[in-house]
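In what follows, a structure is listed as structure tokens, so that the remarks can point back to it.
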Amino acid sequence: MKRLKFIDQFQGEVNMVQVAKTANKVTKKATLLIKQLLRPAKRYIEEKSPRNSTTFPIELQLPITYKCNFDCVMCGMRNLINQDHLSPSELGNILSDPLFSKVEHVGINGGEPFLRQDLVECVDAVITSLSELSAIYLISNGYFTERICKLLKPIKAHCSSRNIKVNLALSIDGVGDMQDFMRGKEGSYTAINNTVNALQANLESYCDQLTGICTITKHNIERIGEVELWASLNQIEVSYNIATEHKRIANADKVGSFSILHDDKAKMLAREFFFKQYHKTHNEKYMALFLFLSTGKRMSSCLYQKCRGVTLNPDGGLAYCATYSDVVGNACEVSALSLFRSNSHYHDKLCQQRCSVCSHYMYQLDSVGEYMLVKKKKMNLKNRLYASAVKCLSNSSLEI
């Protein structure tokens with residue numbers, strides 16, 4: 004039998020039982036590493052597969068109001084606050100369209116959704132119209148503590164009766180004066196803390212999960228560690244995103260004043276932050292954001308590219324995504340399915356022109372991102388297997 008090279012460094016008789024155990028560990032590690040190396044190829048095949056003409060969205064972005072009590076540094080919603088929104092019955096009628104028949108997840112935002120006095124009725128319209136729904140995700144600035152608690156109780160009860168999860172995410176972009184500055188509202192930091200305390204006192208009555216969302220700009224990146232500490236002290240998981248141009252919230256004229264992409268120092272700090280977040284959480288989203296800031300190219304898949312997501316604006320306007328898509332028609336006037344299918348050429352053009360430079364809706368790495376991640380490994384497969392074997396043998400109780 005040919006001796007294994009890595010055993011040559013050990014002198015004397017080797018306990019073969021221990022060698023067998025070591026070989027088993029190395030085999031498992033090799034299998035895992037090979038799977039990792041094959042993932043880019045697998046994702047490439049998935050990405051290149053043709054879009055099925057009968058594909059239905061499984062995710063719906065549903066901003067239900069233009070109204071907002073904040074004037075955030077990265078948002079232009081103030082220019083839209085006087086526009087009308089759908090009534091609960093109108094919303095229910097639209098969501099009964101076949102286009103939404105496979106929707107599993109709905110993100111309910113705004114504006115500030117809790118400014119709607121009929122929010123409970125709106126949620127009822129959502130959960131009764133979408134037969135495949137499994138979870139709703141409410142996003143709030145957390146300012147109206149009493150109203151949030153009051154409205155969440157019936158929402159949670161109604162959703163629970165249908166086995167639908169309720170997730171609430173509060174926008175936290177800084178601590179103290181930084182939150183007030185980012186959100187354009189004095190007292191916003193105090194308010195969000197009051198809301199967190201009130202909800203956590205009886206969380207099961209209000210939602211299934213309470214999280215935070217932090218939008219990173221050149222203004223708050225230097226103090227982003229304060230948000231991490233806040234999240235830790237409050238035992239809240241915070242998701243971090245990059246503030247970007249966003250057609251739905253009409254912020255194109257403000258991008259230069261907040262974007263980290265227009266500030267070299269802020270960009271560098273954000274890149275380091277996302278790299279650290281990836282190694283801390285192993286969430287591919289953060290590696291995708293790191294690679295985006297490093298290369299200027301998107302290396303993350305997106306549901307909206309594959310027509311697996313759709314946006315319905317407060318007034319019934321339908322868009323392929325909230326970030327760059329134009330409204331392709333109003334679902335109050337024309338079937339949502341018809342609008343979605345008949346404008347596929349525009350969707351393809353949008354993907355070609357915009358998707359490669361978009362930092363929004365990053366979930367996992369695409370095939371190129373996976374390949375870049377593999378390249379960043381410190382050792383190649385052979386060296387990792389060798390090092391693993393030596394380590395296992397060194398730590399085992401070999402009889403020498």
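Numbering (the numbering used here), first residue to last: 4 to 403. From the three backbone atoms N, C-alpha and C, an ideal C-beta is built for every residue, glycine too. It should be emphasised that the depicted structure is a prediction, and the values quoted were computed from it without experimental measurement.
- Inter-residue distance for C162 and Y323 is about 27 angstroms (C-alpha atoms, whole angstroms).
- If only uninterrupted alpha helix (DSSP H) runs of at least 4 residues are considered, those enclosed by the segment 51-102 are 91-98.
- Collapsing the DSSP output to three states places I224 in a helix.
- Take the alpha-carbon of S208 and the one of G177: they are about 27 angstroms apart.
- If you draw a 10 Å sphere on the C-beta of Y366, you find fewer than 16 other C-beta atoms in it, and that means exposed.
- A distance below 7 angstroms between beta-carbons, with the five flanking residues on each side excluded, links I227 to the following residues of its chain, in chain order: I219, F276.
- Around the beta carbon of P101, fewer than 16 other beta carbons sit within 10 angstroms, so the residue counts as exposed.
- Rounded to whole angstroms, the Cβ separation of K168 and D211 is 5 angstroms, and the two are in contact under 8 angstroms.
- DSSP places S104 in the coil class of the three-state scheme, outside both helix and strand.
- Contact between the segment 106-117 and the segment 137-152 is established, with three or more Cβ pairs separated by less than 8 angstroms.
- Looking at the backbone, the Cα of V241 and that of G259 are separated by about 25 angstroms.
- In the three-state reduction of the DSSP assignment, C210 falls in the coil class, being assigned neither a helical nor a strand state.
- Here the segment 181-190 lies against the segment 70-78, with 3 or more beta-carbon pairs under 8 angstroms apart.
- With a cutoff of 8 angstroms on beta-carbon distance, I139 and T198 are scored as not near each other.
- Judged by pairs of C-beta atoms under 8 angstroms, the segment 352-369 does not touch the segment 121-135, as fewer than three such pairs exist.
- Annotation for L340: the continuous alpha helix (DSSP H) segment containing it runs 339-345.
- Of the residues A334, K28, H363, the one whose Cα lies closest to the Cα of F295 is H363.
- In the DSSP assignment, N286 falls outside any alpha helix (DSSP H) and carries neither an H nor an E.
- Boundaries of the alpha helix (DSSP H) around T198: 191-203.
- In this structure the segment 59-73 touches the segment 84-92; the number of beta carbon pairs closer than 8 angstroms is three or more.
- In the DSSP assignment, V126 falls within the unbroken alpha helix (DSSP H) covering 122-132.
- In this structure C358 is in contact with Q308, their Cβ atoms being roughly 6 angstroms apart against a cut-off of 8 angstroms.
- The distance from the Cβ of E107 to that of E135 is about 5 angstroms, consistent with a contact at the 8 angstroms cut-off.
- Per DSSP, G179 lies in no beta strand (DSSP E) segment and is marked neither H nor E.
- In the DSSP assignment, the residues bridged to V169 are I139.
- Here K257 is actually not in contact with L264; their C-beta atoms are around 13 angstroms apart, not less than 8 angstroms.
- For Y192, the number of other beta carbons within 10 angstroms of its own is at least 16, and it is reported as buried.
- Ranked by Cα distance from Y349, the options V331, E229, L173, G79 are led by V331.
- Exclusion of the five residues before and after C361 leaves R301, T326, Y327 as the residues of its chain whose Cβ lies within less than 7 angstroms of its Cβ.
- One thing to note: S104 has its Cβ within 8 angstroms of the Cβ of F59.
- Within the DSSP secondary-structure output, T314 pairs in a beta bridge with Q64, A322.
- In this chain, I151 is not harboured by any beta strand (DSSP E); it is covered by the alpha helix (DSSP H) spanning 148-163.
- Pairing R274 with C305, the inter-Cα distance amounts to about 21 angstroms.
- Comparing C-alpha distances from N96 to each of L315, I216, C217 shows the shortest one belongs to L315.
- In this structure, L368 places its C-beta atom within 8 angstroms of the C-beta atom of A291.
- Between M80 and I252, the CB-CB gap stays under 8 angstroms.
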